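Worksheet: one structure, shown below.
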Amino acid sequence: MNCMAQPENERKSYIKPHSLKVGDKVMVLSPAGSAKATYVDEAMNELRAWGLQPVLSKHAMGAYHTYSGTMSERLSDIKDAFADDSIQAIICTRGGYGAVHLLDGIAAEDIRKNPKWFVGYSDITAYHALSTRYGVMSLHAPMCEHLAHSPQDPSTECLRKILFGENVEYSFDGHEYNKTGKVTATLLGGNLAVLMGLSGTQYDFFNNNDFILFIEDVEETIHSIERMLYNLKISGKLGHLKGLIIGQFTGIRTEDNTLTTYSVIRDVVNEYNIPICYNFPVGHVKKNYPMIEGATVTLEVKTDKVNLKFK
Amino acid sequence: MIRPKNINKGDKIAIISPASSTRAEYVYEAVEILKGWGLVPVIYPHCLTKYGTYSATIEDRVKDLKDALSDDSICAIIASRGGYGVVQLLNYLPDECYTANPKWIIGFSDISVLHAASVTAGVMSLHAPMCKHLAVEGATQYSSEALRRVLFGESVSYEVAPHNYNKIGEATAPVYGGNLAVLTALMGTRYDIFRNDMILFIEDIGENIYRVERMLYHLQLAGVFEHVKGLIVGRFTDYKEDANFSCMEDMVNAFMAPYNFPISYNFPVGHVPENYALIEGAEATLTVAADGVRLKF
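Residue numbers (our numbering), protein chains in the order written: chain A, 19 to 329; chain B, 742 to 1038.
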């Protein structure tokens, strides 16, 4: 077995799943941690308000230790959702931990035969890496808890727009560490720890060159964040990026209060002459704007303003 | 794989702090023990300094390490402690730094990064206790004594008690391993040690069970267990039980169910007083039997 990524991982264009229309059925499932009915029920009401028909997968509300189900139960939920022609999109209830269990059980044809939007973030980043590996765009975006608590906010509204085929464009304030520039390239990224847990495997999308990376993380130490970035530096992967979007790093612990996560990140990445923006609204926060993995985007970083436009 | 030459009485040993800052008294007490072994310890300029959580800036830590590696009169290098920071130095240390004048590099935890760099360059390295251990446990403690024996060229063979989860069998292969979080963070780089056929040993501290499981999945998805001839599960400390598993060994045992290579649990390596010196890159035979485990270099 070849430990490194396969050549087809270097694809330049990704299949875009078809857009939703009113009346479409979407599957709500739990590929990792077990979910709570309170927010899943409310999220399903929100999806109904969009004109969709949400249905729960067989084990979406199950509980098995910290998981929604055994590995085979969680895997069959995903495979069933893709195989069912009446299901037009898939949205995760939550992340947690466990998506990595399922990767080798999902084949390229499972998702390429009938590509559909797969919505989630955090631990669901592992699924996005798989989808990237097989050349299908995927949707790093808020999940059920967010939809339940913030049904009208801009992150939710952008998710709805993308699912229904509208173009989105985000503009935000600048940050003092930003490196200015403008670039058009493929967008890939997600939870840094989850991505680094796939380095050197066939799901390591850093073997694609020339993309714009976005990263976020939660409840890591500042040193483990730095260590992960050093992996990307030492392996030359940072040097191949076209742009870098630093999202939200929440609950980060440090023994040295003179350091901030962003100052540590800047020290590692500042030598690269690419557009870099900090404090981008993606992560374990309310302002968690949907990012289309595999989409071509234009990132423009100015000192006072950042713009991300999806083609 | 080059084996650094054995050290002799009267030889100089460098003490450096390539990662976090250390407490001076540990170093001074370790100096006395190293002197007691007949060595001449040399405390490097940035060994006892402090810069944030680190001993010194990246540049100063690189300088100490490079100076110690290149100095012909230095016969071994012992880290005062681990902590965090060795990974910052790698890009400044080309392979020739390790191969020009091969010598034992001694340490564990974050020092696993240096071992990975040394064995990648083709020089064996010594996963073993550091200054705090020597200071606290003393010269005659078994693990301290094992370190001394390896340094002076005596052969070592460890006998370990049986464990319920052990998988019986025997394997002979080079030994590689160390701190699991540190080593998995080098996967996909040129310092990835997991591509070798090996007897793998792992230990960690302060990592919760699901995080260690995620690291094992990382290895599995990268095909690493196809290269593993035997597995030594060292000590995992400072973690909490979770709803899935009551202890780390339960998780590892469940994870390893599909594999048939010999496995030894509760092996004395890790952030514990019983932390046996293991030679990275050296061939060893791991024998896991019903009545006990032997690792013979």
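Backbone N, C-alpha and C define an ideal beta-carbon position, used for all residues, glycine too. Bear in mind that the values here come from a model prediction, so they are computed numbers and not experimental data.
For B/N1001, no chain A residue has a C-beta closer than 8 Å to its own C-beta; the minimum C-beta separation is roughly 17 Å.
Identification of residues in the stretch 117-143 of chain A having a C-beta nearer than 9 Å to some C-beta of chain B yields V118, H119, L121 and D122, given in sequence order. Boundaries of the beta strand (DSSP E) around B/A820: I815 to A820. A direct Cα-Cα distance of roughly 50 Å separates A/T150 from B/I754. For the stretch 803-830 of chain B, the set of positions with a beta-carbon nearer than 7 Å to some beta-carbon of chain A reads Y825, V828 and Q829 in chain order. In this structure, B/V969 places its C-beta atom within 8 Å of the C-beta atom of B/M939. Below the 7 Å Cβ cutoff, chain A contributes N249, I252 and S253 as neighbours of B/T930, in chain order. When rounded, the separation of the alpha-carbon atoms in B/F849 and B/G823 is 7 Å. Here B/I784 is near B/I756, since their CB atoms are less than 8 Å apart.
Residue environment for A/N249: buried (at least 16 other C-beta atoms within 10 angstroms of its C-beta).
Between A/A159 and A/P308, the alpha-carbon positions lie close to 4 Å from each other. Beyond the five residues adjoining it in sequence on each side, A/D235 comes within less than 7 Å, by CB distance, of N209, L210, A211, I243 and F267 in the same chain, given in chain order.
Residues of chain A with a Cβ closer than 7 Å to the Cβ of B/T794 are, in chain order, E273 and D274.
At a cut-off of 8 Å between beta carbons, A/L277 contacts chain B. Here DSSP, grouped into helix, strand and coil, assigns B/V1010 to coil. DSSP lists A/K43 as the bridge partner or partners of A/Q71. As DSSP reads the structure, B/R1035 sits in a beta bridge with B/E900 and B/T1028. The C-beta of A/M214 comes closer than 8 Å to at least one C-beta of chain B. Here A/A55 is exposed, its C-beta having fewer than 16 other C-beta atoms within 10 Å. When Cβ-Cβ separations below 8 Å define contact, A/R245 makes contact with chain B. The residue from A/I270, A/M214 and A/L177 with its alpha-carbon nearest to that of A/S156 is A/L177.
Counting only the Cα atoms, A/K134 lies some 29 Å from A/K255.
Taken in chain order, the complete beta strand (DSSP E) segments of 3 residues or longer contained in the stretch 106-190 of chain A are 135-138 and 156-158. For the stretch 904-939 of chain B, the continuous alpha helix (DSSP H) assignments of 4+ residues that do not extend past its boundaries occur at 921-925, in sequence order. It is roughly 33 Å from the alpha-carbon of B/G1033 to the alpha-carbon of B/A926. Taking 8 Å as the cut-off, the Cβ atoms of B/G826 and B/A760 count as close. Between A/G218 and B/G929, the C-beta spacing is below 8 Å. Listed along the chain, the chain A residues whose CB falls inside 7 Å of the CB of B/L927 are N249.
About 6 Å separates the Cβ atoms of A/F229 and A/K260, confirming a contact at the 8 Å cut-off. The stretch 758-814 of chain B contains, as complete beta strand (DSSP E) runs of 3+ residues, the segments 781-784 (chain order).
Secondary structure remark: continuous beta strand (DSSP E) runs of at least 3 residues inside the stretch 183-260 of chain A, in chain order: 187-191, 199-209 and 229-236.
The beta carbons of B/G910 and B/V1029 sit about 6 Å from each other, so the pair counts as a contact at 8 Å.
Comparing alpha-carbon positions, the option among A/D95, A/E184 and A/A81 lying closest to B/N985 turns out to be A/A81. Taking a C-beta distance under 8 Å as the contact criterion, A/V44 and A/L74 do not qualify as a contact pair. Cβ-Cβ distances below 7 Å link B/I799 to Q829 and L830 in the same chain, with the five nearest sequence neighbours on each side left out; the list follows chain order.
Taking 7 Å as the Cβ-Cβ cut-off, the stretch 228-244 of chain A approaches chain B at H241, given in chain order.
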